[in-house]
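Here is the structure we will look at.
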Amino acid sequence: MSGEDYHRSIIHPGLTTSTSGTFYFAYGSNLSITQMRIRCDHNPDSSRPIALARLDVHSWIICQRGYANVVRLPPSTPTNDASTVWGLLYNMSPEDESRLDLYEGHDPMRNSDPVVNPDPEGQVERPYLQGNWDYNKQYLAVTVTKWLVDPTDFGVEVPNWQPESQHQTTVRVLVYVDEVRTKPGAINWEYIGRMNRGIRESVALGLPESWVNAVMRKDIPAGVEVDDDGYVGTADGYVEVEATEAQDHVAEKEVKEWHETNGHESVQEGWR
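Numbering (this note's numbering), first residue to last: 4 to 275.
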């Protein structure tokens with residue numbers, strides 16, 4: 004990534020609770036630590052899951068683009084699985100957040116002249132309008148139910164914290180939200196395998212499997228997996244569909260090949 008592209012990326016580290024990076028709430032295929040390690044390789048700590056968290060008064064859907072999204076619900080909505088989104092927290096460096104922006108369709112090339120949110124009071128939660136980005140950046144409050152590492156590493160004080168203990172801690176985090184495509188749609192085939200990998204890896208950390216079965220499994224059939232080369236398929240064999248996201252988003256296989264050839268240098272420069 005060139006210095007120019009990095010400085011054009013829109014980073015707001017002060018809008019999350021973390022004092023050492025950006026708290027990021029993953030609810031889609033970035034539930035996979037494997038995928039995060041591929042995408043965010045500038046600082047290894049960026050792809051280390053630090054907590055399990057819950058986003059309330061939102062629904063989890065597969066939107067019209069065929070990928071995961073969260074949709075805000077009315078404040079009076081009863082609390083249940085359908086009005087709750089579970090996810091993993093990461094603490095990202097600015098460089099890795101900028102790289103993740105590319106994967107989430109929030110890069111300068113897609114929206115070169117972003118419009119500031121005209122509502123001054125709403126800018127803390129939503130600094131910019133979505134415009135041509137695939138996902139907008141929102142800064143929302145989530146409830147951490149389990150810290151996987153010491154929260155004081157990020158400036159969060161949790162009284163009597165112990166490893167593996169349950170807590171209810173409210174923190175502000177970055178959430179990528181598609182504000183335009185908020186209706187349910189059909190899932191893209193290549194996304195199923197990556198979502199199943201994310202489900203498997205996050206459930207192993209404590210993400211509630213009952214919620215996965217009640218909410219995610221409506222759209223994500225079990226048994227479709229992604230292989231080491233980034234292809235998806237079933238136990239009967241893989242199909243020729245690379246695990247890319249959409250349009251010009253980059254395939255995992257291409258990223259891996261670039262790393263093998265060039266080491267961990269600028270990934271974006273290898274795409275051009």
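Every residue, glycine too, gets a C-beta built ideally from N, C-alpha and C.
Just so you know, these numbers come straight off a predicted model, no measurement behind them.
Assuming contact is defined by CB atoms lying nearer than 8 Å, are residue i and residue j in contact in what I supplied?
i, j, result
"THR19", "VAL176", "yes"
"GLN171", "THR148", "yes"
"TYR138", "GLU100", "no"
"LEU103", "CYS66", "no"
"TYR194", "SER32", "yes"
"PRO47", "ILE36", "no"
"GLU98", "HIS45", "yes"
"VAL119", "PRO130", "yes"
"SER96", "VAL60", "no"
"VAL229", "ARG200", "yes"
"LEU105", "GLU128", "no"
Would residue i be called buried (16 or more neighbouring beta carbons within 10 Å of its own) or exposed?
i, result
"GLN38", "buried"
"ASN163", "exposed"
"TRP192", "exposed"
"PRO78", "exposed"
"ASP116", "exposed"
"ASN216", "exposed"
"GLU243", "Any reading at GLU243 must be qualified, since the residue scores a pLDDT of 41, below 50, and its modelled position is unreliable; the value itself is stated next. It counts as exposed."
"GLN141", "buried"
"SER213", "exposed"
"GLY17", "exposed"
"ALA249", "With a pLDDT of 36 at ALA249, under the threshold of 50, the predicted position of this residue should be treated as unreliable, and no value is reported."
"ILE110", "The sequence given here has Asp at residue 110, not Ile. Buried, by the Cβ-count rule."
"ARG304", "Look at the range of the chain in this structure, 4 to 275, and you will see that residue 304 is not part of it."
"ALA189", "exposed"
For residue i, write down the residues that DSSP places opposite it in a beta bridge.
i, result
"GLN67", "Per DSSP, none; premise fails for GLN67."
"LEU55", "LEU91, LYS149"
"ASN139", "VAL180"
"VAL218", "DSSP output for VAL218 lists no bridge partner at all."
"SER101", "For SER101, which the question treats as bridged, DSSP gives no partner whatsoever."
"SER62", "VAL74"
Closest by CA to residue i, which one among the options?
i, options, result
"ASN277", "VAL227, TYR194, THR25, VAL180", "Nothing can be reported for residue 277, as the shown portion of the chain is limited to 4 through 275."
"ALA225", "ARG75, SER115, GLY196", "GLY196"
"ASN72", "PRO187, HIS109, ALA217, SER96", "PRO187"
"THR82", "SER62, SER96, PRO16", "SER62"
"ARG113", "GLY134, TRP89, ILE202", "GLY134"
"VAL278", "ILE202, LEU91, LEU132", "Summary: the structure shown does not reach residue 278, with the chain confined to residues 4 through 275, and so no result is reported for it."
"GLN169", "HIS45, VAL206, THR155, THR146", "THR146"
"ASP184", "TYR70, ILE36, ALA144", "It should be noted that the sequence gives Arg, not Asp, for residue 184. Selected option, being the one with the closest Cα: TYR70."
"ASP84", "GLU182, ARG220, VAL159", "ARG220"
"LEU208", "TYR30, VAL159, ASN199, LEU151", "LEU151"
"VAL206", "PHE28, PRO111, LEU34, TYR27", "LEU34"
"GLU167", "ASP153, TRP89, GLY158, VAL159", "ASP153"
"ILE13", "LEU210, VAL74, TRP136", "TRP136"
"VAL227", "SER49, MET198, ASP156", "MET198"
"TYR27", "PRO211, ILE223, PHE157", "PHE157"
Measure from the C-beta of residue i to each C-beta in chain C and report whether the shortest distance is under 8 Å.
i, result
"GLU167", "In the structure shown, chain C does not exist; there is a single protein chain."
Notebook entry, point to check: Should the region 46-66 be called in touch with the region 116-127, which here means at least 3 C-beta pairs below 8 Å?
Noted result: No, the region 46-66 is not in contact with the region 116-127.
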